[in-house]
Amino acid sequence: NAGVTQTPKFQVLKTGQSMTLQCAQDMNHEYMSWYRQDPGMGLRLIHYSVGAGITDQGEVPNGYNVSRSTTEDFPLRLLSAAPSQTSVYFCASSYIPGGGRDNEQFFGPGTRLTVL
Amino acid sequence: AQTVTQSQPEMSVQEAETVTLSCTYDTSESDYYLFWYKQPPSRQMILVIRQEAYKQQNATENRFSVNFQKAAKSFSLKISDSQLGDAAMYFCAYRSPLSGNTPLVFGKGTRLSVIA
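Going down the list, the protein sequences come from chains S and A.
What the first sequence shows, in my numbering, is residues 1 to 116, in sequence order.
What the second sequence shows, in my numbering, is residues 1001 to 1116, in sequence order.
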């Protein structure tokens, strides 16, 4: 059971480049989400998904796209990277709360992205 | 919208002593979940302890315990017999029990140093 995996661990981009951060989980969780972590800001929600084919915006969605074609995968796409997107990105997954199921969110190891 | 406030950006504690990290939150919901996450220098997010609002008994996990005051909307973390490995960022987080959009709402974190 690998839990939540993210690739790459580190990435440097130039302004205007695009890239995809990969996230996968093997726990059959319906809920998946992407956060970014900036110094002094905690973790802020970018996008989330409650199941395959369903995505929605979080607190800071601008400049990012997501899709959820399978239960396991939830990639985050940067369309045209900007220096303001320099951050550490975390993917997380969990069951949807309710029904007595565990609601703990499990986090991937994070991706440190630098945009020059 | 719910908010989580951690009023102590940094704390320090002597090894083997006890330290308490503060967290307050704002919500109009009567049922919810509260979490403390630890983020060591490896940046992995690790669940330390959780509390369900409908449970009056304070949660305890080994050296970690919480003081949950529902009326005051306070959720502090007590670390007893502090160890060098406890040095990390600690995040308080809130989660609604409602299905659908149930992200974690994080505080901005408290950096804990442990002095040998």
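For each residue, glycine too, the CB sits at the ideal point set by N, CA and C.
Since the structure is predicted, the reported quantities are computational estimates derived from the model, not experimental observations.
Using a Cβ-Cβ cut-off of 7 Å, GLN1083/A is close to nothing in chain S; its nearest Cβ partner there is about 22 Å away. Non-local beta-carbon contacts of PHE107/S in its own chain, meaning distances under 8 Å to residues more than five positions away in sequence, involve VAL4, PHE90, CYS91 and ALA92 in chain order. Flagged as an interface residue toward chain S: LYS1108/A, by a C-beta distance shorter than 8 Å. In the three-state DSSP reduction, ASP73/S falls in the strand class (E or B).
MET41/S has its alpha-carbon roughly 14 Å from the corresponding atom of SER84/S.
For THR15/S, the CB contacts under 7 Å within the same chain, skipping 5 residues up- and downstream, are ALA81, ALA82, PRO83, VAL115 and LEU116 in chain order. The beta carbon of VAL60/S does not come within 8 Å of any beta carbon belonging to chain A, so the residue lies off that interface. Using a 10 angstroms sphere on the CB of TYR1054/A, the tally of other CB atoms stays under 16, which defines it as exposed. Against chain S, a Cβ distance below 9 Å from PRO1103/A picks out TYR31, SER33, TYR35, LEU45, TYR48, GLY58, GLU59, ALA92 and GLN105. By the Cβ test, the region 1011-1025 of chain A is not in contact with the region 1042-1058 of chain A, since fewer than three Cβ pairs between them sit closer than 8 Å.
In the three-state reduction of the DSSP assignment, GLY51/S falls in the strand class.
Assignment of ASP102/S by DSSP, reduced to helix, strand and coil, places it in the coil class.
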